[in-house]
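Visitor:
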Amino acid sequence: MTDEHVLICVAWPYANGPLHLGHVAGCYLPPDIQARFERARGNRVLMVSGSDEHGTPITVTAEQNGITPQQVVDEYHTLNAKALLDLGCSWEPKVDSRGIEFGGSLFNRTTDPRHKEMVQENFLQLMNAGLFETKTMEQYYEIHADGGGRFLPDRYVEGICPACSADGARGDQCDECGATYESSELKNPVSKMNPGAAIEIRDTDHLFYRLDAFQGVLEQHASNQQGSWKSNVRAMTKQWLDMGLRPRAVTRDLSWGIPLPMDGDEWDGKCVYVWFEAVQGYSTCARIWAEEIAAPHDHSLGKDAWKKWWCVAEDGTIPRHLYFLGKDNIPFHTVIWPALIMGLNHAKNGKTIDEPIQLPGPGDYALESNVPAMEYLMLAGGQFSKSRKHAVWLPSFLERFDPDTLRYYLGINMPENHDTDFNWPDFVEKINSELIAAYGNFVHRVLTLGARLPSSETGPFTAFDHLVNTRETQQKLEALHASITESLSRHRYKEALRFAMNAAQVGNQLLQSATPWKYLSESDDGSNPQYTDERNAAMASLSFGWRIARFLSITMQPFLPFSSARLWSSLGQPGDVSQIPWDSAIDWTEPMTWNTAKPEPLFQRLDLEEILASEQSLVDSSESKEQPGHTVKGGKKKKKPTEEPKMTDAPEGITYLDFETFMEVDLRVGKITTVEDHPNADRLFVVSIDDGTEQGRTICAGLKEYYSAEEMTGKSVVFVANLKPRALRGVTSEGMMLAADDGEGKVRLITIDGDISTGSQVR
RNA sequence: AACGAGGUGGGGUAGUCUGGAUAUCCCGUCGGGCUCAUAACCCGGAGAUCGAUGGUUCAAAUCCAUCUCUCGUUACCA
């Protein structure tokens, strides 16, 4: 038994959609396994996380659905919190069953007013220590008719490139020629979200965190962690540090977030940048747990209970901080968050930017001890994706399956070192031929055999317990127990679960060699001493099978809490298996117990065909409008802006077009003469079309996914002839070919029925 | 195209940082056994020149170089 303070930090799910299996495998299942394991070992565990509820994507969802951002986050916070509980993640109870001194857990949310207060407090501390710098930036401002308006991030502004005159250039960069420039140089700037609005450049002040000041101390920290960090964490962190750290904006022109705690008009309409805020949830959540849970439960430190898990003790003991997150979030937790923690320590100790920054000492907030980041779980070979309807959502999964089947499959198939794949055939096979055939079946053999024996008060096995020497089997199990412990300590979940499964195999082997079923039919009247000896030996092995089942219940508990509890009860063991000390699994002197109820199988077999038949409904059953984020905000959210145009593209209902407007579109017939690969774009063909003119024309088409060059060549197609020519990665495209798109990945060109001369008008 | 990750028996996967002798484990497959158990269990076999080539070394899956393929992110599209 150990007695450490362990803080388990779980990445904050973005409350803009439901969780899917990729999220579970990446950052929600592993911390729960770890937490359960640490508790069983006697450690004091505090587990913190919650919904990340601020930021622009949430306001977009709210606008689209005609509700408030608060309603959006309320919905998904409730949904996701319930799904995690249904999965067995130990967010309840909030107080450890051993008592408040042993910790607990809290799944909080960033719209919590206490979170806001603490973030603002930290913000001021860092600012007063001189760790921020102000920069004035020029940014586009969209003016609304009512006199109000809003600042637009560069990505939300389009215009004409000052270098190559291409249309559709971004606020600070042209995608055509790659030029970068000051926003003010952009010609004809237009707001992407609101193209009709007037737009102008205004100065806006923003605060930047002086990450650069932490370069040295972070390098030192990273080198201290070389031994324990996984290779992906080392590599990703090194890459960041090698690039050199630069100040990073901590404020943002943002409407849905935590307002800046400063007076002054220049700060109106600005919020704390979401990355800076959400990541602090790891500490604010611990403090809120202390105030709301620990203090009322009479923790010895009252409202300061969180310090047990957060602060380096006066004797130098460092609480163990484990951060669970997906690979895209690594630098956030190994570079940026440590820099914030050390900045807060620095400020708290009354120092300023001019003094050297140091690693935490006694009384300071501690840095992470390990970041067992996962790679991605793929779905049938592709990435989880809402827009392509390529996802299995956690809530709908749990409506149909035993949560432990998912926990087993993801546990044995966890993306620890590289991406792994979820697919239904593999899922069914692993559940049926591993989980059920080895583990479930072994347990069921022991219980049903036992049920057929004459029972005493303490069950059928006590009479045979330890009648023969089972030392060899005990040693095997003790070795497995040590291996499981070692693997879990090193965050090697797949390996640990495999070792636990080996215990079931040991049990099956024992039964196979003992053949206790041979002695069931005849009772033993004692008339044949040799028979008595044989029977006793067989039954002794069988009764040791009961001990192996108990071993399995305890060691499987972190992975499979529901079935472990069922097994525990089937064995007639009192209490809750999750509260049984880890080492009790190899205590061979534990008094035996028995449950007289008829043994039920631990798991139900799965039928692949049945699942595949209903899979489609599972895949489709999602109500959200946006792809859910699964990371702490800010790490890498480049995807969102490219999805924004949908806001303007898709007005509600039908929009009628003037006939005149329609007639302005010049559609013509052309014949494809040659099709070549675009030299500088993976998805584009460069298509030459005979349009009836001498010189013909060139059109770039993104049809590579749907057509080969050979298939297209020679086809008569319809194209838009008067579309403004546009350079696409270096090749000018003079028009657009028409094609039908069913929205589900199928695209076919519009071709001409019969013969007609090229250049003919289409009307 | 840039950046990142990765190619190990039929599928999945460990080992790669910190070179070492018969390359791990699970599933599948083949043969045998068992019949208590959810078509489950147990024993045994077959099956891998560790993506390719070259190099370093007494020794390479492991280190170095080049190449190749795959995947992801980003950009370009109907």
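Residues in the first sequence are numbered consecutively from 10, following the numbering used here. Every residue gets a Cβ at the ideal spot worked out from N, C-alpha and C, and that includes glycine.
Give me whichever residues DSSP pairs with Gln770 in a beta bridge.
Guide: Reading the first sequence from its first residue, position 761 is the one you call residue 770. DSSP, once it has assigned bridges, lists Arg677 as partnering Gln770.
Visitor: Candidates Ala491, Lys733, Arg50 and Lys91: which alpha carbon is nearest Glu408's?
Guide: In the first sequence, counting from the first residue as 1, residue 408 sits at position 399. The candidate whose alpha carbon is nearest that of Glu408 is Lys91.
Visitor: Skipping 5 residues on each side, what residues in its chain have a beta carbon closer than 8 Å to that of Ser237?
Guide: Reading the first sequence from its first residue, position 228 is the one you call residue 237. Once the five neighbours on either side are set aside, the close Cβ partners of Ser237 are Ser378 and Asn379.
Visitor: In this structure, how does DSSP classify Lys336 when only helix, strand and coil are distinguished?
Guide: Here residue 336 refers to the residue found at position 327 when the first sequence is read from its first residue. Helix at Lys336.
Visitor: Between which residues of its own chain and Thr471 is the CB-CB distance below 7 Å, once the five residues before and five after are set aside?
Guide: The sequence position of residue 471 within the first sequence is 462, counting from 1. Counting only Cβ-Cβ distances below 7 Å, and skipping sequence neighbours, we find Ser465 and Met601.
Visitor: Look at the alpha carbon of Gly335 and the alpha carbon of Lys733, and state the distance between them as a whole number of angstroms.
Guide: Position 326 of the first sequence, counting from 1, holds the residue named residue 335. Position 724 of the first sequence, counting from 1, holds the residue named residue 733. If I take the Cα positions, the gap works out to 43 Å.
Visitor: Shortest alpha-carbon distance to Phe217 belongs to which of Pro256, Gly139, Ile67 and Asn131?
Guide: Position 208 of the first sequence holds residue 217. Measuring from the Cα of Phe217, the nearest candidate turns out to be Pro256.
Visitor: Return the first residue and the last residue of the alpha helix (DSSP H) that Pro412 is part of.
Guide: Taking the first residue of the first sequence as position 1, residue 412 is located at position 403. From DSSP, the alpha helix (DSSP H) with Pro412 extends over Pro412 to Ile421.
Visitor: For Ala348, which residues from the same chain have a beta carbon less than 7 Å from its beta carbon, with the 5 sequence-adjacent residues on both sides left out?
Guide: Taking the first sequence and counting its residues from 1, one reaches residue 348 at position 339. For Ala348, where only same-chain residues beyond five positions count, the Cβ hits under 7 Å are Leu220, Phe223 and Leu227.
Visitor: Specify, as a first and last residue, the run of the alpha helix (DSSP H) that Cys294 falls within.
Guide: On the first sequence, position 285 is the one that residue 294 refers to. Per DSSP, Cys294 belongs to the alpha helix (DSSP H) from Gly290 to Trp298.
Visitor: Going by alpha carbons, who is nearest to Gly325 out of Leu331, Leu368 and Gln289?
Guide: For the purposes of this step, residue 325 is identified with residue 316 of the first sequence, where counting begins at 1. The shortest C-alpha separation from Gly325 is found at Leu368.
Visitor: With distance defined between alpha-carbon atoms, name the residue in Val729, Glu703 and Gly679 nearest to Glu761.
Guide: If you number the first sequence from 1, residue 761 lands on position 752. The question names Glu, yet the displayed sequence has Ile at residue 761. Of Val729, Glu703 and Gly679, the residue nearest in Cα terms is Gly679.
Visitor: Just tell me which of Leu94, Ile302 and Pro328 has its CA closest to the CA of Cys18.
Guide: Position 9 of the first sequence, counted from the start, is the residue given in the question as residue 18. The option with the nearest alpha carbon to Cys18 is Pro328.
Visitor: Does Pro27 pass the burial test, meaning 16 or more other C-beta atoms within 10 Å, or should it be called exposed?
Guide: Against the first sequence, residue 27 aligns to sequence position 18. Pro27 comes out buried.
Visitor: Taking the C-alpha atoms as reference points, what is the distance between Leu576 and Gln129?
Guide: As a first step, residue 576 must be located in the first sequence, where it is residue number 567. As a first step, residue 129 must be located in the first sequence, where it is residue number 120. Looking at the two C-alpha atoms, the distance is approximately 49 Å.
Visitor: Restricting to runs no shorter than 3 residues, where is the beta strand (DSSP E) found entirely within the region 343-397?
Guide: Taking only runs of at least 3 residues, the beta strand (DSSP E) segments lying wholly in the region 343-397 are 386-388.
Visitor: Helix, strand or coil, according to DSSP, for Glu301 in the structure here?
Guide: Indexing the first sequence from 1 puts residue 301 at position 292. Of the three classes helix, strand and coil, the one that applies to Glu301 here is helix, per DSSP.
Visitor: Mind reading off the beta-carbon distance from Ala375 to Val321? Whole number of angstroms is fine, and I expect it under 8 Å.
Guide: Position 366 of the first sequence, counted from the first residue, corresponds to residue 375. Position 312 of the first sequence, counted from the first residue, corresponds to residue 321. Indeed they touch by this definition, with Cβ atoms about 5 Å apart.
Visitor: For Ile708 and Ala749, I'd like the C-alpha separation in whole angstroms.
Guide: Within the first sequence, the letter at position 699 stands for residue 708. Within the first sequence, the letter at position 740 stands for residue 749. Cα to Cα, Ile708 sits roughly 17 Å from Ala749.
Visitor: Grouping DSSP H, G and I as helix and E and B as strand, with all else coil, what is Trp238?
Guide: Indexing the first sequence from 1 puts residue 238 at position 229. Reduced to three states, the DSSP call for Trp238 is coil.
Visitor: According to DSSP, simplified to helix, strand and coil, what is Asp121?
Guide: Counted from its first residue, the first sequence places residue 121 at position 112. In this structure, Asp121 counts as coil in the three-state DSSP scheme.
Visitor: Measuring straight from C-alpha to C-alpha, what distance separates Asn8 and Trp284?
Guide: Since the first residue of the chain shown is 10 and the last is 772, residue 8 is not available in this structure.
Visitor: For Met745 and Ala730, what's the separation of their Cα atoms in angstroms?
Guide: Here residue 745 refers to the residue found at position 736 of the first sequence. Here residue 730 refers to the residue found at position 721 of the first sequence. Looking at the two C-alpha atoms, the distance is approximately 7 Å.
Visitor: Where Glu72 and Asn89 are concerned, what is the direct C-alpha to C-alpha distance, given to the nearest angstrom?
Guide: Residue numbering aside, residue 72 sits at position 63 when the first sequence is read from its first letter. Residue numbering aside, residue 89 sits at position 80 when the first sequence is read from its first letter. Each residue's Cα considered, the two are about 21 Å apart.
Visitor: Could you give the distance in angstroms between the alpha-carbon of Val727 and the alpha-carbon of Val740?
Guide: Counting from one through the first sequence, the residue named residue 727 turns up at place 718. Counting from one through the first sequence, the residue named residue 740 turns up at place 731. Straight-line Cα distance between these residues: approximately 21 Å.
Visitor: Just mark Thr457 as buried or exposed, buried being the case when its beta carbon has 16 or more other beta carbons within 10 Å.
Guide: Mapped onto the first sequence, residue 457 falls at position 448. Exposed, because fewer than 16 other Cβ atoms sit within 10 Å of the Cβ of Thr457.
Visitor: Asn426 by DSSP, collapsed to three states: which one?
Guide: Residue 426 sits at position 417 when you count from the first residue of the first sequence. Coil at Asn426, not helix or strand.
Visitor: Could you name the residues of the same chain whose beta carbon sits closer than 6 Å to that of Leu263, not counting the 5 residues immediately before and after it, in chain order?
Guide: Numbered from 1 along the first sequence, position 254 holds the residue referred to as residue 263. Answer for Leu263: Cys280, listed in chain order.
Visitor: Ends of the alpha helix (DSSP H) at Ser550?
Guide: As a position in the first sequence, residue 550 is number 541, starting the count at 1. Unbroken alpha helix (DSSP H) run through Ser550: Pro538 to Met565.
Visitor: Work out the CA separation of Leu737 and Gly187 for me, nearest whole Å.
Guide: The residue given as residue 187 occupies position 178 in the first sequence. The residue given as residue 737 occupies position 728 in the first sequence. Caution is warranted here: a pLDDT of 49 is assigned to Gly187, below 50, making its placement in the model unreliable, and the coordinate value is therefore given only provisionally. Whole-angstrom Cα-Cα distance: 12 Å.
Visitor: Assuming Ser114 contacts Leu55 under a Cβ cut-off of 8 Å, what Cβ separation, rounded to an integer in Å, is found between them?
Guide: Within the first sequence, residue 114 is the residue found at index 105, counting from 1. Within the first sequence, residue 55 is the residue found at index 46, counting from 1. About 7 Å; that satisfies the 8 Å criterion.
Visitor: List the endpoints of the continuous beta strand (DSSP E) containing Tyr23.
Guide: Counted from its first residue, the first sequence places residue 23 at position 14. Tyr23 -> no beta strand (DSSP E), and no H or E assigned at all.
Visitor: Hey, which unbroken runs of the alpha helix (DSSP H) at 4 residues or more fall wholly within the region 680-728?
Guide: As far as the region 680-728 is concerned, its whole alpha helix (DSSP H) runs of at least 4 residues are 718-721.
Visitor: Within the continuous alpha helix (DSSP H) that includes Ser498, where are the two ends?
Guide: If you number the first sequence from 1, residue 498 lands on position 489. Looking at the DSSP string, the run of the alpha helix (DSSP H) that includes Ser498 is Arg480 to Ser498.
Visitor: So who's on the other strand from Met136, going by DSSP bridges?
Guide: Position 127 of the first sequence, counting from 1, holds the residue named residue 136. In DSSP, Met136 forms no bridge with anything.
Visitor: Would you give the residue range spanned by the beta strand (DSSP E) that Arg50 belongs to?
Guide: The residue given as residue 50 occupies position 41 in the first sequence. It is not in any beta strand (DSSP E) - Arg50 carries neither H nor E in the DSSP assignment.
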